[in-house]
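Residues 1 to 137 in the numbering used here are what the sequence shown spells out, letter by letter. Note that the Cβ used here is the ideal one computed from N, Cα and C, for glycine as well. The model shown is predicted, which means the values in this text are computed figures rather than measured ones.
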Amino acid sequence: MAHTRFFRQFYYLGSNPKAAHLSGMNVEGLQIFSFVLMGLLAGLAGIVYASRIATATSTVGVGAELQAITAVILGGASLAGGRGTIWGAMIGVFFMGLMKNVLIISRFSSEWQGIVLGGVLVIAVAIDSIVNRKRIS
Numbered sequence: 001m002a003h004t005r006f007f008r009q010f011y012y013l014g015s016n017p018k019a020a021h022l023s024g025m026n027v028e029g030l031q032i033f034s035f036v037l038m039g040l041l042a043g044l045a046g047i048v049y050a051s052r053i054a055t056a057t058s059t060v061g062v063g064a065e066l067q068a069i070t071a072v073i074l075g076g077a078s079l080a081g082g083r084g085t086i087w088g089a090m091i092g093v094f095f096m097g098l099m100k101n102v103l104i105i106s107r108f109s110s111e112w113q114g115i116v117l118g119g120v121l122v123i124a125v126a127i128d129s130i131v132n133r134k135r136i137s
């Protein structure tokens, strides 16, 4: 995706929206498109998940956002924007799934699983901020 002009604009937009605007990109249109696309994909994921478990409740995805953010950051995406690959995100998702399975097999309670996953997120964010600080200087 990074080799096409259209999807490369997402990297530029995530890295520096003001510079992207000054270079002639339609920043507002690209942001609207990305929000609409993510909404459609989230709706599709909800339909697939509801059909898989044959029911739908409002609390079915609580906590999944923490795991998704942690997986993407572990995969190499930067909170400052402009970095990250799909392969890195997939590796992060694989690692998070592996870690969650190990916690379940080790009979950790769901509260402790959340604490461990939150700790991994804090460590990943700390490492990301250190790397960004070194990259800037």
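Nearest candidate by alpha-carbon position, reference residue i, set the options
i, options, result
"G97", "G46, F108, Q67 and E28", "Q67"
"G84", "S23, Q113 and S15", "S15"
"F7", "I86, F95 and E111", "I86"
"S110", "R52, R133, L22 and A64", "A64"
Cβ pair residue i, residue j closer than 9 Å
i, j, result
"S34", "L79", "no"
"T70", "V120", "yes"
"V116", "M99", "yes"
"Y140", "V62", "One cannot answer for residue 140 here, as it falls past the ends of the chain, which runs 1 to 137."
"V72", "A89", "yes"
"Y200", "M25", "No answer is possible for residue 200: it lies beyond the span of the chain, which begins at 1 and ends at 137."
"Q113", "I104", "yes"
Burial state of residue i, where buried means 16 or more other Cβ atoms lie within 10 Å
i, result
"L74", "buried"
"G43", "exposed"
"A20", "buried"
"G92", "buried"
"A77", "buried"
Span of the alpha helix (DSSP H) around residue i
i, result
"S109", "Looking at the DSSP string, S109 is not in any alpha helix (DSSP H), and its letter there is neither H nor E."
"G14", "R5 to S15"
Alpha helix (DSSP H) segments (min. 4 residues) lying fully within the segment 38 to 97: 64 to 74
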